[in-house]
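S.K.:
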Amino acid sequence: MTPPRKSRPKNTYSIEIKDDTLVIQLEGEVTLKQTPDLKQEMVKALDRASQDGVREIVVDLSNTSFMDSTGISSLVVLRKRSKELNVNMRLTNPSLQVRKILSLVQLTQYFNIEE
């Protein structure tokens with residue numbers, strides 16, 4: 078009898094380019110367990126997109142219910158990289174829960190957050 082395979086969590090994010098904007102949509106719980114490769118995937122997408130002339134990143138948080146330190150760290154790394162590449166970054170429509178988390182770790186002033 079073969080042991081059951083460990084299944085990887087399904088992606089709870091999507092990354093696409095719309096016009097000259099890189100749009101990253103985060104959904105559900107953004108945690109180490111749910112999104113183990115998120116930071117790496119977002120930075121790779123930004124690097125590729127900036128070479129193609131993208132000048133803005135929008136991270137849509139409207140469907141994000143929770144974010145742990147992994148998710149927060151991913152956003153901080155993405156913002157640092159976007160500044161290095163001279164790409165504007167916005168967080169849009171964070172849920173009340175996510176906004177509280179960002180406020181708790183004193184990052185509401187660090188990010189450009191739009192409702």
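Last residue of the sequence shown: 192 in the working numbering, with the numbers rising by one and none dropped.
Note that beta-carbon positions come from the ideal geometry of N, C-alpha and C, so glycine has one too.
Since this is a predicted model, take the numbers as computed values, not measurements.
Could you name the residues that DSSP lists as bridge partners for E102?
M.R.: Note on identity: in this sequence residue 102 is Gln, with Glu being the wrong assignment. DSSP, once it has assigned bridges, lists S91, D137 as partnering Q102.
S.K.: In chain order, what residues of the same chain lie with their CB nearer than 6 Å to the CB of L179, ignoring the 5 residues before and after it?
M.R.: Same-chain partners within the cutoff: T185.
S.K.: According to DSSP, is Y187 helix, strand or coil?
M.R.: Coil, per DSSP.
S.K.: Find the nearest neighbour of T169 within the set D97, D96, E104, judged by alpha-carbon distance.
M.R.: Comparing Cα-Cα distances from T169 to each of D97, D96, E104, the minimum goes to E104.
S.K.: Should G130 be labelled buried (16 or more other beta-carbon atoms within 10 Å of its own) or exposed?
M.R.: Its Cβ having fewer than 16 others within 10 Å, G130 is exposed.
S.K.: If we call anything under 8 Å between Cβ atoms a contact, is Q117 one with T89?
M.R.: Result no, Cβ atoms of Q117 and T89 do not sit closer than 8 Å.
S.K.: What's the C-alpha gap between S127 and K177?
M.R.: For S127 and K177, the distance between alpha carbons rounds to 31 Å.
S.K.: Please state if the CB of V107 and the CB of M166 are separated by a distance shorter than 8 Å.
M.R.: No.
S.K.: Would the beta-carbon of L99 fall within 8 Å of that of L115?
M.R.: Contact: no.
S.K.: Please list, in chain order, all residues of the same chain as N140 whose beta carbon is under 6 Å from its beta carbon, the five residues on each side excluded.
M.R.: For N140, where only same-chain residues beyond five positions count, the Cβ hits under 6 Å are E104.
S.K.: Look at the alpha carbon of G149 and the alpha carbon of V136, and state the distance between them as a whole number of angstroms.
M.R.: Note that residue 149 corresponds to Ile in the displayed sequence, not to Gly. So the two alpha carbons sit approximately 12 Å from each other.
S.K.: Examine the ligand SAM and report whether any of its heavy atoms sits within less than 7 Å of the Cβ of R125.
M.R.: Inclusion of the ligand SAM in the displayed structure is not the case, the ligand content being empty and no account of it being possible.
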